[in-house]
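**Student:** Submitted below is the structure of interest, expressed as structure tokens.
2 protein chains.
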Amino acid sequence: MIQENLELKVKFLRAFGDKTRVQILECIKYEEKTVSQIVESIEGNQSNISQHLACLRGCGIIEGRQEGKYVYYGLRNQQIKELLDTFDHVLSQIENNVACCENHISS
Amino acid sequence: MIQENLELKVKFLRAFGDKTRVQILECIKYEEKTVSQIVESIEGNQSNISQHLACLRGCGIIEGRQEGKYVYYGLRNQQIKELLDTFDHVLSQIENNVACCENHISS
DNA sequence: TTATCACATTAGCAATCACTAATATGAGTG
DNA sequence: CACTCATATTAGTGATTGCTAATGTGATAA
Numbered sequence: 010m011i012q013e014n015l016e017l018k019v020k021f022l023r024a025f026g027d028k029t030r031v032q033i034l035e036c037i038k039y040e041e042k043t044v045s046q047i048v049e050s051i052e053g054n055q056s057n058i059s060q061h062l063a064c065l066r067g068c069g070i071i072e073g074r075q076e077g078k079y080v081y082y083g084l085r086n087q088q089i090k091e092l093l094d095t096f097d098h099v100l101s102q103i104e105n106n107v108a109c110c111e112n113h114i115s116s
Numbered sequence: 010m011i012q013e014n015l016e017l018k019v020k021f022l023r024a025f026g027d028k029t030r031v032q033i034l035e036c037i038k039y040e041e042k043t044v045s046q047i048v049e050s051i052e053g054n055q056s057n058i059s060q061h062l063a064c065l066r067g068c069g070i071i072e073g074r075q076e077g078k079y080v081y082y083g084l085r086n087q088q089i090k091e092l093l094d095t096f097d098h099v100l101s102q103i104e105n106n107v108a109c110c111e112n113h114i115s116s
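Below, the structure is given as structure tokens:
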């Protein structure tokens with residue numbers, strides 16, 4: 010894999026590795042929501058959520074759509090939805106092992 | 010999703026969001042390799058690679074198998090292999106969008 | 001047009017993470 | 001046993017990331 014692709018890949022994958030972003034994705038997995046709805050749903054801070062939304066959108070994972078004074082965010086396409094489902098599926102099989110990861114790098 | 014599961018999920022997903030770990034996974038995607046082979050292949054530092062291997066193993070993504078004085082690492086199962094393939098597949102479709110992610114959070 | 005609402009952006013700080021260097025462990029070999 | 005080789009672990013440091021608070025922007029409503 011060439012260098013540039015590697016960095017794009019890492020950037021993309023890193024977007025999934027954050028608690029707030031995972032919560033956002035679960036929140037809009039089945040239907041698009043406004044920023045305020047997301048903020049309320051995951052009990053977050055508006056500025057913080059906006060930053061994470063920008064990250065997810067920049068990584069091609071979600072899409073925003075302005076409607077009047079609201080912005081609706083949803084998953085970018087069906088493949089992302091399937092990827093999220095795959096995460097859950099794979100995870101359900103290795104959950105016990107993940108639990109014992111104690112290394113200080115990314116633990 | 011309950012809190013504990015969320016944290017396990019994030020831990021698992023974060024393991025994929027690092028350049029060195031992605032390189033390791035690509036390196037052992039098709040066949041298991043010893044630590045030294047991995048170190049040589051991705052031109053890394055032994056200590057550093059060992060730490061990342063511990064992370065990946067702790068997260069249930071790879072497995073280690075001692076054979077004499079060598080330790081062979083490989084993907085934990087076929088599902089992980091498929092997950093890696095899915096990453097590449099999804100990524101190939103949104104590559105242009107990922108490229109323009111400029112947010113300082115995880116950019 | 002001014003005020004308000006929804007959202008985005010910026011700056012600065014605190015926490016986390018990955019790297020290097022040094023050292024430890026544990027298996028094979030002479 | 002002493003030595004070497006392969007790998008793991010630890011400590012310390014620099015870099016990256018995510019958070020909060022403050023401010024900016026752009027659309028609607030009065």
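Taken in sequence, the protein lines are chains A and B. So the first sequence is numbered by the numbering used here: it starts at 10 and just counts up by one. So the second sequence is numbered by the numbering used here: it starts at 10 and just counts up by one. Each residue gets a CB set at the ideal place from its N, CA and C atoms; glycine is no exception.
Going by DSSP, what residues sit across from A:G125 in a beta bridge?
**Tutor:** For residue 125 of chain A there is no data in the structure shown, the boundaries of chain A being 10 and 116.
**Student:** Which chain A residues are close to B:I158, counting only those with a beta carbon under 8 Å from its beta carbon?
**Tutor:** This structure does not reach residue 158 of chain B, given that chain B is present from 10 up to 116, and the question cannot be answered.
**Student:** Which chain A residues sit within Cβ distance under 9 Å of B:I103?
**Tutor:** Result: F21, C68, G69, I70, R85, N86, Q88, I89.
**Student:** Would you kindly report the start and end of the unbroken alpha helix (DSSP H) that includes A:E49?
**Tutor:** 44 to 50
**Student:** Going straight from the alpha carbon of B:R4 to that of B:E72, what length do you get?
**Tutor:** The structure shown has nothing for residue 4 of chain B, since chain B only spans 10 to 116.
**Student:** Measure how close the beta-carbons of A:L34 and A:L93 come, nearest whole angstrom, since I'm counting them as under 8 Å.
**Tutor:** 6 Å
**Student:** Apply the 10 Å Cβ neighbour rule to A:D97 and answer buried if 16 or more other Cβ atoms are within range, or exposed otherwise.
**Tutor:** exposed
**Student:** By the 10 Å Cβ neighbour count, where 16 or more other Cβ atoms means buried, how is A:G69 classified, buried or exposed?
**Tutor:** buried
**Student:** Within the chosen definition, does the region 47 to 56 of chain A reach the region 49 to 58 of chain B through at least 3 CB pairs nearer than 8 Å?
**Tutor:** no
**Student:** In whole angstroms, what is the alpha-carbon distance linking A:E49 and B:I89?
**Tutor:** 34 Å
**Student:** Between which two residues does the alpha helix (DSSP H) harbouring A:I37 extend?
**Tutor:** Per DSSP, A:I37 belongs to no alpha helix (DSSP H) and is neither H nor E.
**Student:** The region 24 to 53 of chain A: which residues have C-beta closer than 9 Å to a C-beta of chain B, in chain order?
**Tutor:** A24, F25, G26, D27, K28, R30, V31, Q32, E35
**Student:** Have a look at A:F21 and B:H61 and give me their C-alpha separation to the nearest angstrom.
**Tutor:** 19 Å
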